[in-house]
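Have a look at the structure below before the remarks.
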Amino acid sequence: MNRSRTRLLVALASATALLTTAGCGAADMTRQASPFAAPAGVKTVTLSVQSWVGAQANVAVAEQLLKEELGYRVDLVQTDEVPAWDALSQGRVDAILEDWGHPDQEKLYVEEKKTIVRGGDLGVTGHIGWYVPKYWADKNPDVTDWKNLNKYAKELRTAESGGKGQLMDGSPSYVTNDVALVKNLDLDYKVVFAGSEAAQITQIQQFAKEKKPFLSYWYQPQWLFNEVPMVEVKLPEYTEECAAKAPEDIDCAYPTTPLQKFLNADFVERGGDAADFLKKFHWSEQDQNEVSEMIASQRLSPEEAAKRWIDRHPDVWKKWLE
Amino acid sequence: MATAQATPVRPARPGTGRGPLAALRERPAAGKLLLLALAAVLLVPLAHSRWGGGIWPDALTADLSGPLGSVTDWIVSNRDSHPLFLYFFGHISNAVVLSVRGVYLVLLALGWAGVTVLAAAVAWRVAGIRLALTAAASFLACGLLGMWVPTMQTLALMVVAVLASVVLGLLLGLAAGLSDRTFRVLRPVLDTMQVLPAFAYLLPVVLVFGIGVPGAVLATVVYAAPPMARLTALGLRGADGGVMEAVTSLGATGRQRLLTARLPLARKELLLGLNQTIMMALSMAVIASVIGAGGLGDRVYQALSAVDVGAALAAGIPIVLLAVVLDRTTEAAGRRIGTEPTGPALLRGWRGWGLAALVAAAVAFAGRLTDGRVWPDDLTVAIAGPVNTAKDWMVDHLYTGVPVVGGTADLASHFTGGVLNPLRSGLTGLPWWSVLLIVAALAWTIGTWRTAATAVLAMAAIGVLGVWEPSMDTLSQVIAAVAVTLVLGFSIAIGAARSERLEKLLRPVLDVFQTMPQFVYLIPVVALFGVGRAPAAAAAVVYALPAVVRITTQGLRGVDPAALEGARSLGATPGQQLRQVQIPLARPSLLLAVNQAVVLVLAVVIIGGLVGSGALGYDVVFGLAQGDLATGLVAGAAIVCLGLMLDRVTQPTARRQRQES
Chain A
1 MNRSRTRLLV ALASATALLT TAGCGAADMT RQASPFAAPA GVKTVTLSVQ SWVGAQANVA
61 VAEQLLKEEL GYRVDLVQTD EVPAWDALSQ GRVDAILEDW GHPDQEKLYV EEKKTIVRGG
121 DLGVTGHIGW YVPKYWADKN PDVTDWKNLN KYAKELRTAE SGGKGQLMDG SPSYVTNDVA
181 LVKNLDLDYK VVFAGSEAAQ ITQIQQFAKE KKPFLSYWYQ PQWLFNEVPM VEVKLPEYTE
241 ECAAKAPEDI DCAYPTTPLQ KFLNADFVER GGDAADFLKK FHWSEQDQNE VSEMIASQRL
301 SPEEAAKRWI DRHPDVWKKW LE
Chain B
1 MATAQATPVR PARPGTGRGP LAALRERPAA GKLLLLALAA VLLVPLAHSR WGGGIWPDAL
61 TADLSGPLGS VTDWIVSNRD SHPLFLYFFG HISNAVVLSV RGVYLVLLAL GWAGVTVLAA
121 AVAWRVAGIR LALTAAASFL ACGLLGMWVP TMQTLALMVV AVLASVVLGL LLGLAAGLSD
181 RTFRVLRPVL DTMQVLPAFA YLLPVVLVFG IGVPGAVLAT VVYAAPPMAR LTALGLRGAD
241 GGVMEAVTSL GATGRQRLLT ARLPLARKEL LLGLNQTIMM ALSMAVIASV IGAGGLGDRV
301 YQALSAVDVG AALAAGIPIV LLAVVLDRTT EAAGRRIGTE PTGPALLRGW RGWGLAALVA
361 AAVAFAGRLT DGRVWPDDLT VAIAGPVNTA KDWMVDHLYT GVPVVGGTAD LASHFTGGVL
421 NPLRSGLTGL PWWSVLLIVA ALAWTIGTWR TAATAVLAMA AIGVLGVWEP SMDTLSQVIA
481 AVAVTLVLGF SIAIGAARSE RLEKLLRPVL DVFQTMPQFV YLIPVVALFG VGRAPAAAAA
541 VVYALPAVVR ITTQGLRGVD PAALEGARSL GATPGQQLRQ VQIPLARPSL LLAVNQAVVL
601 VLAVVIIGGL VGSGALGYDV VFGLAQGDLA TGLVAGAAIV CLGLMLDRVT QPTARRQRQE
661 S
């Protein structure tokens, strides 16, 4: 027994020694591509896809054009927003096409470490807010002002919100001040986190089917508006001073954000056509919604949806290739 | 997925633990409780006067968000330059990427025909012709569903992860099998690795390795290596004493004894370990998609975010098929050990293998000539549309207005309002020290003082971490879901134990539920039960039910036929037989079923964070999404503690005794 243990130890020790000597060169953690990237000699681009359909629409169209027009192989990686920034700085992902504003990450990676560079506007403007269904707002026009929300709290009670009204929030990766807003505006509501956008959409669709009232954190542009028309609830006006407050003190509406693209710095230098193309990629809310709607509502594959949009709008994308 | 099988080789021991022995065992329990009561009388007033009742006192918490935040910052700013990353993690990461890529390229080079034939040939060699056909059909189905490339990516990932897990497991198992001290040290470590919900440690892995394959493979190894280690140790320790003595008397050295006697004798356990490792790795492959592992899991996850159940199912089916084929093949290989080879002499031993290799090579070559590397696009069946239609129909008809029982929406709000809410307020309302006392009492009566100490310390750690309230919330969800699972599971199992036909019918259904990634049914569950804790509980029940049904059926079936015969001859009705003979005799299995239900339900309640279950599950998801180590890791640690506590409180006595003997 004892001897075999010594042998085991010796074996382990020599294995470790072997590993250390064999691996004496430094490994570069910043440059590690996906193992599923195409074999050598093929040009590849890796794009990050976020969980919402708008982001899928950007990526689907970019993928299709990179493949068909520029001869690239495209890999997609699905991640949440903050890990995607991380991946972008490490070069595991070459580009994020739709960013809703991450000041901490921008400061760290764009300004300090310079591993990520800005890729310009996507052309779409994003806006976060509180929304109620149109069928309900038509009957109760005053619900669209936050000052009247408490009047309706009773109608919005669910099993999860207890005695209060339910304000439904979505994915934990989204930017939200809702808990602070409810507290600071003295609202008789409880924020219920759906946990993912998929769950939130499913719940909204279910409510809409029954014409039930609901109040939800939501954002534009979003394809669901075509299926379930919603009206924004007016919150106290957004100001710079208010946005600069500590997160728990914020008591005003969300800003409007021109959505940004970000590229890996190395990729911009060596990425050639693909990097140029992604920098020029710029389309409108309407364009994006057209593709999103085909993906989410008509259940086309992102590929098919992108193909259809590309066939219909050569005038838009031809410019990106010049 | 296969946690139920993960603590294997625990035969129900019918016939023991009855009679005077049982009476003896009951008395120490009373003594333990008395002792505990005494301690409570002395300590509780002290604790109460010092820190008060209600939820865990602030004075006894340690805020980790500061230190954890600086760890995150340190990792992010040193990841590209610090030697620890350059010379250690970097190489691990590179090695993983290179090996996965290598396997993937080989699979692509073989082409779809080559891979299918190779899989069939291997299945034929180790498990016979029937499984060979199953394997071939399964791979073709993956292609038909349009999932060929993702299937190959998952397969490549699996091959590397399983190999690494097996090597690590073998090393650990060898150490534990040969040395008693290592065995004692290693056991709690393996226990923890298995109770740990995988979601909880994705975040630290992501921070170090970034998203993508390396992190995914490593997280999988952590999850899948324990069964291999455990079974290797079990096999080595269980080697027949007589044989070992004979070998020693022949003058064999330590190494010879190990290589020629111990390891070959443990072949069955080793293969079972491989089987378990494969199943666990496969279940992890999907969860790992959350950190960008690619492959089938990624397809399921992407479909989930587009609220597309049909597409999720199309990617989920290949996972189920892979699991079934791999499970059956390794299982059959284990069964065949020691039996005489059959069939014509030409096909035995290395000749058979040679033939298999030759056929596979020929088909792969032919495939190359006809350019069949990737499955042809026009040869796919789109199931997403019909599946979505079926789901919509189901939801439309079940959501509200079902006669008598009411729609699923009403059911969910009754369950939330009538069960979950009172349970939650009850648990959070209990004074913190009384929770510790209850845990101690439960764990001590069912196990040893060590079990009780572990459980109480785990519970106390939750308080110290400062997440007492969300943990109680999660605990209430677990208890409610476990109760539902047990009621359903036991009733189904009693039926299945009585009727062979029902059991046969159930088997494929249970297989599917056990191996289908949970992400596939999260969306239908939300559509049926709305957002909140109810859908999370429903998903947990679906996931934990198969294990409970299987273990219970096996336990009831395994009851000593002589005892049953005796009861029958005394004129007992079937109901009496069940109540007075089968259930008491199958007690160890029933306890084990409870234990498994608890562990499995906990695993899904966490994923329930994605559908609004809140509490710890949400915190873990939040931590992962925001890269917030403080929130994510603390919640993860609390889940681990909760899991340890629940495991100890429900761990059958029989299992403890056997392990300690």
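Protein sequence lines, in the order shown, are assigned to chains A and B.
So that you can map any letter, position 166 of the first sequence is 166 in the UniProt record's numbering, and since no number is skipped, the others follow by simple counting.
So that you can map any letter, position 500 of the second sequence is 500 in the UniProt record's numbering, and since no number is skipped, the others follow by simple counting.
The C-beta atom is built at its ideal place from N, Cα and C for all residues, glycine as well.
As the structure is a computational prediction, the values presented were derived from the model and not from experiment.
I'd like the span of the alpha helix (DSSP H) that includes residue i, first residue to last.
i, result
"TRP85(A)", "81-90"
"ARG312(A)", "302-312"
"MET645(B)", "629-650"
"VAL482(B)", "468-498"
"ARG336(B)", "309-336"
"GLN626(B)", "615-626"
"residue 663(B)", "Residue 663(B) lies beyond the range of chain B shown here (1 to 661); nothing can be said about it."
"HIS91(B)", "90-127"
Output the distance between the C-alpha atoms of residue i and residue j, rounded to the nearest integer angstrom.
i, j, result
"ALA547(B)", "ALA597(B)", "7 Å"
"ALA244(A)", "MET284(B)", "42 Å"
"LEU157(B)", "GLY294(B)", "9 Å"
"SER284(A)", "LEU263(A)", "20 Å"
"PHE139(B)", "LEU203(B)", "33 Å"
"THR21(A)", "PRO35(A)", "Only weak support is given to the placement of THR21(A): the predicted model assigns it a pLDDT of 47, under 50, and the question is left unresolved by the model."
"ALA444(B)", "LYS32(B)", "Going by the sequence as given, residue 444(B) is Trp instead of Ala. Distance between the alpha carbons of TRP444(B) and LYS32(B): 7 Å."
"ALA275(A)", "ALA265(A)", "10 Å"
"ASP315(A)", "HIS282(A)", "12 Å"
"ALA303(B)", "VAL309(B)", "7 Å"
"residue 671(B)", "VAL222(B)", "No information on residue 671(B) is available, as it lies outside the stretch 1 to 661 that chain B covers here."
"GLU63(A)", "THR44(A)", "11 Å"
"LEU642(B)", "VAL541(B)", "18 Å"
"VAL97(B)", "ALA288(B)", "15 Å"
"GLY169(B)", "ALA229(B)", "4 Å"
"GLY426(B)", "TRP56(B)", "14 Å"
"LEU510(B)", "VAL604(B)", "17 Å"
"SER491(B)", "ALA362(B)", "52 Å"
"TYR137(A)", "VAL231(A)", "Reading off the sequence, residue 137(A) comes out as Ala, not Tyr. C-alpha separation (whole angstroms): 7 Å."
"residue 665(B)", "LEU105(B)", "Only positions 1 to 661 of chain B appear in this structure, which leaves residue 665(B) out of reach."
"ASN58(A)", "ARG557(B)", "57 Å"
"ALA266(B)", "ALA59(B)", "52 Å"
Please state whether DSSP places residue i in a helix, a strand or coil.
i, result
"GLU210(A)", "coil"
"ASN140(A)", "coil"
"HIS127(A)", "strand"
"SER48(A)", "strand"
"MET147(B)", "coil"
"TYR217(A)", "strand"
"ASP180(B)", "helix"
"MET230(A)", "strand"
"THR257(A)", "strand"
What residues are listed by DSSP as bridge partners for residue i?
i, result
"LEU263(A)", "ALA95(A) and VAL117(A)"
"GLY165(A)", "TYR189(A)"
"GLU160(A)", "DSSP lists no partner for GLU160(A)."
"PRO376(B)", "Answer is none; PRO376(B) lacks a bridge partner."
"VAL132(A)", "VAL231(A)"
"ASP145(A)", "LYS234(A)"
Check the Cβ of residue i against every Cβ in chain B and list those closer than 9 Å, keeping chain order.
i, result
"ARG299(A)", "ALA306, ASP308, GLY310, ALA311, ALA384, GLY385 and ASN388"
Quick one: which chain A residues come within Cβ less than 7 Å of residue i?
i, result
"TYR618(B)", "PRO172, PHE193 and GLY195"
"LEU610(B)", "GLY195, SER196 and ALA199"
"ILE75(B)", "In chain order: nothing, as chain A lies at least about 10 Å away."
For a contact meaning CB atoms closer than 8 Å, what does residue i contact in chain B?
i, result
"ASP94(A)", "Near ASP94(A) there are no residues of chain B at all, since even the closest Cβ is about 13 Å away, more than 8 Å."
List the residues of chain A whose Cβ lies closer than 8 Å to the Cβ of residue i, in chain order.
i, result
"ALA625(B)", "ASP80, GLU81, VAL82, PRO83, SER171, PRO172 and SER173"
Along the chain, where does the beta strand (DSSP E) that runs through residue i open and close?
i, result
"ASP287(A)", "Careful: ASP287(A) lies outside any beta strand (DSSP E), inside the alpha helix (DSSP H) at 285-296."
"GLN582(B)", "Element bounds for GLN582(B): n/a, residue is neither H nor E."
"VAL74(A)", "73-78"
Could you list which residues in chain A have their beta carbon closer than 9 Å to that of residue i, in chain order?
i, result
"PHE139(B)", "Going along chain A, no residue has its Cβ under 9 Å from PHE139(B), so there is no contact; the nearest lies around 19 Å."
"ASP298(B)", "LEU76, VAL77 and GLN78"
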